[in-house]
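For reference, the structure discussed in these notes is given below.
In full-length UniProt numbering, the protein residues as written are 1 to 230.
The structure is reproduced here in structure tokens:
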């Protein structure tokens, strides 16, 4: 059975960490060969104490200042010894025996998107020019070659997928369980900076013309919807 390294990045979220750690512990009954890694950014709200209390179920953990979420994720990657990597950050959790699918092959897991009203939405992988719809919590990476560019503190994952992700033939899906994730993260809180970084990454990879076209698409779609309602 292939070893799967699950990495949790956390900062000042004691309750979220406890929920995530409990979820990982439950998954061991479905997939025993789990290595659990926790990277805390030097929390001051009792999170580090909660990690210490749960340390019997953690293979590696550290609590120290970092340079942002992707720096913390890179620390987790460097500490991992498994063949597969899955990021499940504080507040995220599994539902069902979703990790049982990893007995066969690394896979895109079936991620359910749910809004604040409780409505579910399934979103497939999109054109890389428009964005990456699958989040970390729905992807098991091969551990051999993953590292994030920390100069993009919000969108380093988008840059990574443009450079590496779409070369990998990892499209297995399963309906045996789900991964729920907390969408109130840094990318949701810093929308302008997120959009600026996405534009810069698109410009580098596809050229200025393509970046401008895809930057204007959301505005054009809103205009069309307004016109159609009249």
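The C-beta atom is built at its ideal place from N, Cα and C for all residues, glycine as well.
Exposed is the label assigned to residue 224, since fewer than 16 other Cβ atoms lie within 10 Å of its Cβ. Per DSSP, the beta-bridge partners of residue 4 are 34, 84. Assigned with DSSP and collapsed to three states, residue 63 falls in strand.
The beta carbon of residue 16 sits closer than 6 Å to those of 90, 91, all from its chain and outside the five residues before and after it, given in chain order. Taking a C-beta distance under 9 Å as the contact criterion, residue 209 and residue 199 do not qualify as a contact pair. With contacts defined by Cβ atoms closer than 9 Å, residue 68 and residue 143 do not form a contacting pair. Taking the C-beta atoms as reference points, residue 87 is found nearer than 9 Å to residue 7. When secondary structure is reduced to three states using DSSP, residue 142 falls in the strand class.
Ranking 146, 191, 141 by CA distance to the CA of residue 154 puts 191 first. Partner residues in a beta bridge of residue 17, as assigned by DSSP, do not exist.
In its chain, beyond the 5 residues on either side, 70, 156, 159, 160 have a beta carbon closer than 8 Å to the beta carbon of residue 149. The C-beta of residue 202 has 16 or more other C-beta atoms within 10 Å across all chains shown, which makes the residue buried. As the crow flies, the alpha-carbon of residue 39 is around 49 Å from that of residue 227.
In the three-state DSSP reduction, residue 42 falls in the coil class, being neither helix nor strand. Distance from the CA atom of residue 82 to the CA atom of residue 96, rounded to whole angstroms, is 22 Å.
Looking from the CA of residue 140, the closest CA among 151, 77, 197, 195 belongs to 77. About 18 Å separates the beta carbon of residue 10 from that of residue 56, a gap too long to meet the 8 Å contact definition.
A residue is called buried when at least 16 other Cβ atoms come within 10 angstroms of its Cβ; residue 217 does not meet this threshold and is exposed.
Relative to residue 75, the option among 26, 58, 147 whose CA is nearest is 147.
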